[in-house]
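As given, the protein sequences belong to chains A and B, one line each in that order.
Everything in the first sequence is counted per the working numbering, starting at 275 for the first residue and increasing by one.
Everything in the second sequence is counted per the working numbering, starting at 5 for the first residue and increasing by one.
Worksheet for the structure shown next.
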Amino acid sequence: GQNIDQPTEMTATEGAIVQINCTYQTSGFNGLFWYQQHAGEAPTFLSYNVLDGLEEKGRFSSFLSRSKGYSYLLLKELQMKDSASYLCAVRDYSSASKIIFGSGTRLSIRP
Amino acid sequence: DAMVIQNPRYQVTQFGKPVTLSCSQTLNHNVMYWYQQKSSQAPKLLFHYYDKDFNNEADTPDNFQSRRPNTSFCFLDIRSPGLGDAAMYLCATSSTGHNEQFFGPGTRLTVL
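Given below as structure tokens:
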């Protein structure tokens, strides 16, 4: 089975940096995803990690440590529009195309 | 533009009255997924098709069925909706060998 844990809520200040952590347990790890979801909308893809290390894409970066079952999403230069839920999701080898989501972290940005 | 389309965006049904939600895609992706998402919760995978192969999650109720008549279309049938089935239903697609999963806008189901 799979288990994905991330904080329920976080608050940060506009212009600052925030790190959202995700830990996972899976029988056959085959990649980790981060998605952004605004209220009432569908999730949108942010990043994908399958090898250890940091992937940077503009203001967003994602890190993976497979040995620790750990990932984080780093958001820099926060903007008010970054207020959303951030979902960590894991793909499992037992079914190559199966992607399971964590419960998400609701990020609130204050001015 | 290539995309994932879900119809309708909002669906109201009565308790126990069968309802069908539809999803279509112009991406020619071989994998299609149905997720159920309730307020403030993670999307919960109900089932997915890998090509024509149907993969049901162990905890998906029998009340939920799916059909994929061709690559482009996938349907979610709820045979006897209960009040607990009110949720957002998300369709997504992906392609073997590529990492991104593309979501449709979702259908919000209300059960009266």
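Just so you know, even glycine gets a beta-carbon here, dropped at the ideal spot from N, CA and C.
- In the three-state DSSP reduction, residue 21 (chain B) falls in the coil class, being neither helix nor strand.
- With respect to chain A, the C-beta atom of residue 59 (chain B) has a partner C-beta closer than 8 angstroms.
- Taken atom to atom, the span from the alpha-carbon of residue 350 (chain A) to that of residue 39 (chain B) is near 30 angstroms.
- Minimum Cα-Cα distance from residue 24 (chain B) among the listed residues B:73, B:46, B:81, B:76 corresponds to B:81.
- Those residues of the segment 33-46 of chain B placed with their C-beta closer than 7 angstroms to a C-beta in chain A are 35, 45, 46, ordered along the chain.
- Contact annotation: in the segment 361-382 of chain A, residues whose CB is within less than 7 angstroms of a CB in chain B are 361, 369, 371, 372, 373, 374, 375, 376, 377, 378.
- Pairing residue 352 (chain A) with residue 289 (chain A) gives a Cβ-Cβ distance under 8 angstroms.
- The alpha-carbon of residue 41 (chain B) is positioned some 16 angstroms away from that of residue 97 (chain B).
- Under a criterion of Cβ atoms nearer than 9 angstroms, no residue of chain A is adjacent to residue 87 (chain B); the nearest Cβ is some 20 angstroms distant.
- Chain B places no beta carbon closer than 8 angstroms to that of residue 358 (chain A), leaving this residue out of the contacts.
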